[in-house]
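The structure appears right after this line, and notes come after that.
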Amino acid sequence: MKLVKKNNAWLPSIFDEFFPENRLDAINYERFSIPAVNISENFANFVVELAVPGLNKENITVEVEKDILKVSSCVSNEGETIENQDGTKFTRKEFNYTAFERSFTLPETVSKDSIKANYENGVLRIELPKVEEAQNIKRMVEIS
């Protein structure tokens, strides 16, 4: 397999401006930024993990209303300048933190008063404990 180099010397500035090489990436990351989620279940609880790297936990809200778990962020890039406070200017800026909101319907087996959330290393982990009646207790059934 050979490495094929792209040489865009033919009208580079005109076409690159209207048809950027990463136009699909720009659509995905800039406009529709929804964090990826993992949901798992074990004997005692459900666990919801959201990948939200680069955010501060102060910007993340976790709410429970009726049977809906809502996770949102109010971060905005508006008002950001091209120059930092220390005088450093960006030549390229791809970090993009946009507001998001995700909602999950909770099953009846979740104890809504005992929900806990933890944010570490860019992952928001929400533990949803099951009510004791919902925890399947394994027992032997005698056959008569």
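Those letters in the sequence shown? Residues 1 to 144, by the working numbering.
Where a beta carbon is used, it is the ideal one built from N, C-alpha and C, also for glycine.
What you are looking at is a predicted structure, and each value in this text was computed from that prediction instead of being measured.
Can you list, in chain order, the residues of its chain with a C-beta nearer than 7 Å to that of residue i? Leave out the 5 residues immediately preceding and following it.
i	result
S33	N96, T98, F100
K116	E127
D86	none
N42	none
Less than 8 Å separating the beta-carbons of residue i and residue j?
i	j	result
S103	K130	no
L128	L106	yes
Pick from the options: whose alpha carbon is nearest that of residue i?
i	options	result
A44	E132, E142, R139	E132
E108	E63, F46, F90	F46
N56	V141, G122, I126	G122
V75	E58, E65, K138	E58
K66	G87, T88, D113, V48	D113
Using 10 angstroms around the beta-carbon of residue i, count the other beta-carbons present and answer buried if the total reaches 16, otherwise exposed.
i	result
S40	exposed
I126	buried
E142	exposed
M140	exposed
Can you list, in chain order, the residues of its chain whose CB lies under 8 Å from that of residue i, leaving out five sequence neighbours each side?
i	result
I60	V52, V71, S72, S73, Y119, L124
G227	The question about residue 227 has no answer, for the chain in this structure spans 1 to 144.
K138	none
T88	none
I68	S103, F104, T105, L106
Once you ignore the five residues that flank residue i on each side, which residues in its own chain have a CB closer than 6 Å to its CB?
i	result
A36	A51
R31	At R31 the pLDDT is 46, less than 50, meaning the model places this residue with poor confidence and gives no usable figure here.
E63	K70
E49	N38, V123, R125
Mind checking whether the beta-carbon of residue i lies closer than 7 Å to any heavy atom of the ligand MG?
i	result
V48	Looking at this structure, you won't find the ligand MG or any other ligand, since it has none at all.
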